[in-house]
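Chains as they are written, first to last, in our numbering: chain A, 1 to 232; chain B, 1001 to 1232; chain C, 2001 to 2232; chain D, 3001 to 3232; chain E, 4001 to 4232; chain F, 5001 to 5232. Scroll down for the structure; my scribbles are underneath it.
Number of protein chains: 6
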Amino acid sequence: MADLSATIREALMRVGTSTLTGLLNRRGLKNMYLQDVWPIRPGMPRMVGIAFTMRFIPTREDKVGSRGNVQQRAMEECPPGHVLVVDARGDARAASAGDLYIGRLAARGCAGIVTDGGLRDSEGVLKTGLPAYHRRPSSPPSPIVHQPYDLGLPIACGGVAVYPGDIVVGDCDGVVVIPPDIVDEIAAEAVASTLYDEFAEGEVAKGRSLVGLFPVANDEAKRDFEIWKKSR
Amino acid sequence: MADLSATIREALMRVGTSTLTGLLNRRGLKNMYLQDVWPIRPGMPRMVGIAFTMRFIPTREDKVGSRGNVQQRAMEECPPGHVLVVDARGDARAASAGDLYIGRLAARGCAGIVTDGGLRDSEGVLKTGLPAYHRRPSSPPSPIVHQPYDLGLPIACGGVAVYPGDIVVGDCDGVVVIPPDIVDEIAAEAVASTLYDEFAEGEVAKGRSLVGLFPVANDEAKRDFEIWKKSR
Amino acid sequence: MADLSATIREALMRVGTSTLTGLLNRRGLKNMYLQDVWPIRPGMPRMVGIAFTMRFIPTREDKVGSRGNVQQRAMEECPPGHVLVVDARGDARAASAGDLYIGRLAARGCAGIVTDGGLRDSEGVLKTGLPAYHRRPSSPPSPIVHQPYDLGLPIACGGVAVYPGDIVVGDCDGVVVIPPDIVDEIAAEAVASTLYDEFAEGEVAKGRSLVGLFPVANDEAKRDFEIWKKSR
Amino acid sequence: MADLSATIREALMRVGTSTLTGLLNRRGLKNMYLQDVWPIRPGMPRMVGIAFTMRFIPTREDKVGSRGNVQQRAMEECPPGHVLVVDARGDARAASAGDLYIGRLAARGCAGIVTDGGLRDSEGVLKTGLPAYHRRPSSPPSPIVHQPYDLGLPIACGGVAVYPGDIVVGDCDGVVVIPPDIVDEIAAEAVASTLYDEFAEGEVAKGRSLVGLFPVANDEAKRDFEIWKKSR
Amino acid sequence: MADLSATIREALMRVGTSTLTGLLNRRGLKNMYLQDVWPIRPGMPRMVGIAFTMRFIPTREDKVGSRGNVQQRAMEECPPGHVLVVDARGDARAASAGDLYIGRLAARGCAGIVTDGGLRDSEGVLKTGLPAYHRRPSSPPSPIVHQPYDLGLPIACGGVAVYPGDIVVGDCDGVVVIPPDIVDEIAAEAVASTLYDEFAEGEVAKGRSLVGLFPVANDEAKRDFEIWKKSR
Amino acid sequence: MADLSATIREALMRVGTSTLTGLLNRRGLKNMYLQDVWPIRPGMPRMVGIAFTMRFIPTREDKVGSRGNVQQRAMEECPPGHVLVVDARGDARAASAGDLYIGRLAARGCAGIVTDGGLRDSEGVLKTGLPAYHRRPSSPPSPIVHQPYDLGLPIACGGVAVYPGDIVVGDCDGVVVIPPDIVDEIAAEAVASTLYDEFAEGEVAKGRSLVGLFPVANDEAKRDFEIWKKSR
């Protein structure tokens, strides 16, 4: 089972999805941000965890009940520290999950839930405290549209391939996926980059021009950054 | 004219649209949730009322003014306790109504307004205190896109057939429609179901497994629920 | 360079985009409201400024870097009191700008930023205090999708033609564009119209019928309005 | 009942929808072309007729059969020389009609069928010989999505308001609607305009510049046109 | 492995997808028609076969080549008499397959290919003679957007759940899926229903009313049908 | 002015857009195929030419006539051998051009017209013989939606950046753009690749497996290809 050290987890908690997509892009990973997937409320806490996947296919009247309760199993089997990522084919006409299911994930120490479909009972979901991301609220029960089919396969979510074991990070702007084999270096670079951004934000607020400061730092900016770091 | 007892109204005020769509689905009513129709602000009060309908058709330059002010009539004629439901063909390029019209509904004791188009002056609408649901804000005046044509016909709203006299319920996740002839039993079941959910949420928060608890309760869960109800 | 007096600016700060689209419509200007362009947060301050434009075209791998940093230049050259309006072809798969760029606009005294694509680092953008409008949040860096190509040309934004020098006004419902040659009269009429709306809202709240009051005022309403104005 | 003389009918059979939308636009009628509504096959004969309307609303499981067979009535009651125009809310997930229904329209001397949803049995429809326009083919039977509700009301079709009695014209590019009170003059102008286009096409094919020829004719072009007309 | 007798195959070759969706709907199967999936050319031969499935997920730059050539394997392993059904998530920005791959399916005696994405080299595909269905043509090579991931799983295609072993039928209006356990009775009913339609079409063409004939046959129509059958 | 030798032109006339997108992709050019842009009829001749661009912005009632007739100028100034590529923002609600304009392009020796909006008078356009590509037919005159603004700028068309001087190639599957500095080598490779495809198609039709043949050729396949070439 994939793992994520407390250090990396904390580091990723302090960096934004914008910083991460920028660093992933530099490595040629251009499609790691889930399109049209949002926090259920703007003020929700950030999310860091390891991907555990569930795949929905469309409901078919002759197959109802043929798979047991895969959805319930997902809530019972998603390991602590993991994020349940759901492939709902971008279809939010019926819910991907609701507050009781998500409450169970929370109680079991999971790190969040992400679907490119909808979530129901958003008020109840909010009360569970678990970071939850979806396309939009959706009250109808999932079997109207979805049949949960399997767990643990690579899936599509928000137009992005999500593999079990991927690192999943969410903030108020959405959700990004990081391959586990580069997460350590990405986290380290992200912390450094976030620090530079903090410095640059201060400079910009004081009226400094972007030229030589951002997006590319010249020697002077690098020197000032070193001084700023020491003086913090 | 359709009616809704205070008891049923209060009961529906305390249950969520997710609970209602679940119960409607069990009766084979699969398409009662208005798709892509949202409260104008997340914190808005819940809504319960009886449907009174207005139908827009597209504006045509040679027909302007040919119908008198159907829109104004809607605001003056929608009965107290009713929700004005507007068929805007899902088109939010121009508004379905604004704060003065909606203020009049509020002053006349109506229960809310729902459109699958847009509302304008959302800040003013919020001040009226009337629950208001739409697809998205839209500032342009309605005649740019819409001709209000008739009142009191069955319409489409958010992909759902809404008949005058239907019961309309809204919460932070959206709007659901209930046929009036089953509203009493749906309300009773919804209250019971909401109580069970409250029990189950507590159990889940304490770490209980979903197996045998939700979505299907086994004998043990039923027994524990009875005990919990008595101890409240 | 276009100019906007402090008086007009303050007047426009106090009127809503609904009022403005109504007045523009009466002059035959039917398409001045940017469709699907929203404040990054509901509570954001209103925006009034003069349009300064940037045009994106799609990225092409063989053209990367061929234009210098047009995006940085936009942030350095957008004049104080101006709104940077970005033609992102409605494509929010990658960001149009982020918090450092927008912080520079704020520091330089610009009036806002508007894109029909996405903005990244929305929390940081919020901290800059600059009114910012977009289609939806978007974390990926802009070069994945966009090549900034030129500044100062008429563009499309949210389905509306925006010419440099146009007056741009934003509130919680979205963004509207006003031709500079009629902004003085539009502002004056908007203030008057807003005052009448305030009067009418009070009347409606007291239970007065819309007939003769709104949308068309009869003699009685006009008289009452005059009395109300004196008594304020 | 609206009427259309054989002369006007024949005139409209010889002019294209492009010519008609141009002439309607000059009278301020800007939205008379049905968007996304196409002939079922490119080679289909042109269509001219008077609008007879049917309105679908979404299906609801508790209302099935509550309206008798409105759809069958439409096929039996649409008068000869008329076009059955269907408001399917742009929804082609299930059919608006099929070959037997359309065969009956053909047998009864109707002039065509138009829907902004889908038609089924397109091969069979083609065999009936009746001009038929839709968004796309759709095999599922209509009750899966649609409840036919009423006949003879103004409706929306392809984003255009269609009133019973309107003149409906279709060619290989789509369908246009003409108000009956101006159809005589529109038809006359369209014939004249089509003749000029024929002349101009010949000139353009011979290498003549568009300047002074099209879209605005100068005196020379007008003179040449007169000569050309005589020499035909 | 699922099987399909020559008799059933031939029966299904002679009935339309409209007839089949009607019969499936009567058994409560409401979502068996693939939405927005079309023959590559209108005149293409009909298709009957057994579903063999391939699932694409989105491409990811760090996973290229990690699955061997699943796509090539699909073409080599799809059994004779089977239809390769591809889950492309409705994404036609890059191709699902091209003429060489499809030529191999044809050479191996497969019955067709269906994707809810795009096909490339449509002229070459046409030359292979294999029935081919897609959303629209798409020239770019599949790896730009798609990673072929697995064969033989239930998938989504055109919004429909397709299980390996399902019977897949295509005509000029699109593609429908039939559960294998009811295909015999569906085929028999479809042939009978098609015969009645042929009779009814003739009657309608002769001017007979739909009342009592279609969609519901009365005793007279049943009697006439029996006579007609004998006289054929 | 960009140029294109007769040899390259003829080579490109004989290769498909699928072959070209494949070769461009190998050079890292992943977005050169115009999405949702189609030939006006399936049987239209192929197109090869050099890009000459026109940019539309949305119409605004206060700017009508402010640019002279840019559209007419486009038809008079697009050089022989060039393709007029139009940025219509993917908006086909009104036409980008019609048969007289396109007839003039044909008479002047231009190579084609491409828009991501619509074309009107498609029958007339077909008669001009000029290859013409669009999103869908659209009868309404362009000023209802579009203001032609400038010629000769890089534009977006079908989601692709098109620079003046780019090589534009169209077949029955759509349109692809080639940077002029690599067109010679792309053309040469495309001819070679097309020849191999022809060989491979023959082999596949004879029953040869794809393994070692396509998409990757092994030594045996290379040897057989050499023999086949000599025997042609």
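Glycine residues also receive a C-beta, built at the ideal position from the N, C-alpha and C atoms.
Check: With a threshold of 16 other CB atoms inside 10 Å of the CB of E:Val4064, please say whether the residue is buried or exposed.; Outcome: exposed
Check: I'd like to know if F:Asp5036 contacts chain D, where contact means its C-beta is closer than 8 angstroms to some C-beta of that chain.; Outcome: no
Check: Could you say which of A:Ala161, A:Val70, A:Ser142, A:Ile182 lies nearest to A:Gln35 if we only look at CA atoms?; Outcome: A:Ala161
Check: Quick one: using the 10 Å Cβ neighbour count with 16 as the cut-off for buried, is D:Ile3227 buried or exposed?; Outcome: exposed
Check: Residues in the same chain with beta-carbon distance under 8 angstroms from A:Gly212, minus the five sequence neighbours each way, listed in chain order, please.; Outcome: Asn218, Glu220, Ala221
Check: Counting only beta-carbon atoms, is A:Leu151 nearer than 8 angstroms to chain C?; Outcome: no
Check: Pull up the DSSP beta-bridge partners for D:Asp3171, would you.; Outcome: D:Gly3174
Check: At the level of alpha carbons, what is the spacing between C:Val2204 and B:Val1086?; Outcome: 21 angstroms
Check: Relative to the alpha-carbon of B:Ile1102, which residue among B:Val1168, B:Pro1131, B:Asp1150 has its alpha-carbon at the smallest distance?; Outcome: B:Pro1131
Check: Tell me, which residues are paired with E:Trp4038 by DSSP?; Outcome: E:His4134
Check: On a Cα-Cα basis, can you pick out the residue from D:Ala3051, D:Arg3208, D:Val3177 that is closest to D:Leu3024?; Outcome: D:Val3177
Check: Could you please tell me which residues of the region 5106 to 5125 of chain F, in chain order, have their CB closer than 9 angstroms to any CB of chain D?; Outcome: Ala5106, Ala5107, Arg5108, Gly5118, Leu5119, Arg5120, Asp5121, Ser5122, Glu5123, Gly5124
Check: Use the C-beta contact count for A:Asp181: other C-beta atoms within 10 angstroms, 16 or more gives buried, fewer gives exposed.; Outcome: exposed
Check: Check each candidate in A:Tyr149, A:Glu185, A:Val183, A:Ala187 and name the one with the smallest Cα separation from A:Ile57.; Outcome: A:Tyr149
Check: Let me know the secondary structure DSSP gives E:Met4001 once reduced to three states.; Outcome: Residue placement at E:Met4001 is poorly supported in this model, since its pLDDT is 44, which falls under 50; the coordinates are not used for a value here.
Check: Within this structure, are the beta carbons of E:Ser4139 and E:Ala4188 separated by less than 8 angstroms?; Outcome: no
Check: With DSSP collapsed to three states, give me the class of A:Gly124.; Outcome: helix
Check: Are any of the Cβ atoms in chain C nearer than 8 angstroms to that of B:Met1054?; Outcome: no
Check: Could you tell me whether any Cβ in chain B is nearer than 8 angstroms to the Cβ of C:Leu2029?; Outcome: no
Check: List the endpoints of the continuous alpha helix (DSSP H) containing F:Gly5049.; Outcome: Premise fails: F:Gly5049 lies in the beta strand (DSSP E), 5047 to 5058, not in any alpha helix (DSSP H).
Check: In the structure shown, what three-state DSSP assignment does C:Ser2096 receive?; Outcome: strand
Check: Under DSSP, the alpha helix (DSSP H) around D:Ala3221 begins and ends at which residues?; Outcome: 3219 to 3231
Check: Verify whether the separation of the beta carbon atoms of C:His2134 and C:Thr2059 is less than 8 angstroms.; Outcome: no
Check: Does the CB of E:Asn4025 have a neighbour CB from chain D at under 8 angstroms?; Outcome: yes
Check: DSSP state of F:Pro5148, grouped into three classes?; Outcome: strand
Check: Which residues in chain B sit within 9 angstroms of C:Phe2214, going by Cβ to Cβ distance?; Outcome: Gln1072, Leu1100, Tyr1101, Arg1104
Check: Compare the C-beta of B:Ile1057 against all C-beta atoms of chain D and say whether one is closer than 8 angstroms.; Outcome: yes
Check: By Cβ distance, which residues of its chain are closer than 8 angstroms to F:Val5191, with the 5 residues on each side in sequence left out?; Outcome: Ala5011, Arg5014, Val5015
Check: Please tell me whether D:Asp3099 and D:Asp3121 are closer than 8 angstroms, where the distance is taken between their beta carbons.; Outcome: yes
Check: When Cβ atoms are compared, which residues of the region 3137 to 3171 of chain D fall closer than 8 angstroms to chain B?; Outcome: Gln3147, Tyr3149, Asp3150, Leu3153, Pro3154, Ile3155, Ala3156, Gly3159, Val3160, Ala3161, Tyr3163
Check: Which partner residues does E:Gly4112 have in the DSSP bridge list?; Outcome: E:Val4083
Check: Can you tell me whether E:Leu4210 is helix, strand or coil according to DSSP?; Outcome: coil
Check: Taking beta-carbon pairs under 7 angstroms, can you tell me which members of the region 3061 to 3095 of chain D lie near chain F?; Outcome: none
Check: So, C:Arg2055 versus C:Ala2092, is the Cβ gap smaller than 8 angstroms?; Outcome: no
Check: In whole angstroms, what separates the C-alpha of A:Gly165 from that of B:Lys1206?; Outcome: 28 angstroms
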